[in-house]
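Structure, as structure tokens:
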Amino acid sequence: MKSSKEILKYCASICEGDGVSPRLEKTAQQFSKQNNQRLCRQAQKWIHYAIQELGLHHWTVQRVNMSDNRAALIIELAPLQPVNLSEVQQVHGWLQSNQGQIRAVVAEGLHRKSVPSFNFQILMEDENYA
């Protein structure tokens, strides 16, 4: 067994980053990104199902993205037919008031105890849907 002086001598030569492969750091970030993308795709499917079941039939979920701090999902909805501004405001209010029910359906569908909070954005006809 090595003495504590020998161990300290070896420890003194260790620099920052020793023992951590840069390849592993890169794959950890890549796996995190892939997991976030998978969560967004799955959430998009279940959010679409939830809003259809709760009565919002003429709207569809265009995109779901993770926010910068990963604390919320940004959900972009688009109408399937032309709508006016008052209807957009009603739909946004409906989404805010039924957010708990939508999150419950998504959590059950994803088999998770909790899901990130939702931030709803509504796209209009003149915005890019792609």
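Heads up: the sequence shown at position 11 corresponds to 11 in full-length UniProt numbering, and the numbers run straight through without jumps.
Cβ coordinates follow ideal geometry from the N, Cα and C atoms, glycine included.
Predicted model only: the values in this text are computed from it and were never measured.
Neighbourhood of residue i by C-beta distance below 6 Å, restricted to the same chain and skipping five residues each side
| i | result |
| --- | --- |
| E88 | The amino acid at residue 88 is misidentified as Glu; the sequence shows Val. Closer than 6 Å at the Cβ level, and outside the excluded window around V88, lie I122. |
Reference residue i; option with closest CA among the options
| i | options | result |
| --- | --- | --- |
| L80 | H48, N119 and N35 | H48 |
| V64 | H57, C40 and H58 | C40 |
| Q37 | N84, V91 and R70 | R70 |
| W94 | Q42, N35, W46 and I51 | I51 |
| R103 | Q42, Q90 and W59 | Q42 |
| Q90 | S3, W59 and L110 | W59 |
For residue i, the three-state DSSP class (helix, strand or coil)
| i | result |
| --- | --- |
| Q70 | In the sequence under discussion, the amino acid at residue 70 is Arg, which differs from the Gln named in the question. If DSSP states are grouped into helix, strand and coil, R70 belongs with coil. |
| Y49 | helix |
Own chain residues within Cβ distance below 8 Å of residue i, not counting five before or after
| i | result |
| --- | --- |
| N119 | S67, A72, L73, I74 and I75 |
| A107 | K113, S114 and V115 |
| E6 | none |
Chain-order list of residues whose beta-carbon lies under 7 Å from that of residue i (same chain, five-residue window excluded)
| i | result |
| --- | --- |
| Q44 | V61 and V64 |
| A130 | Note that A130 scores 49 on pLDDT, short of 50, meaning its location in the model is unreliable; the coordinates nonetheless yield the value given after this. Cβ neighbours of A130 beyond the five flanking positions: none. |
| N98 | L54 |
| W46 | V105, V106, G109 and L110 |
Cβ-based burial, residue i [other Cβ within 10 Å; buried from 16]
| i | result |
| --- | --- |
| L77 | buried |
Threshold first: 4 residues or longer. Then list the alpha helix (DSSP H) segments lying entirely within the segment 73 to 120, N to C. 85 to 97 and 99 to 110
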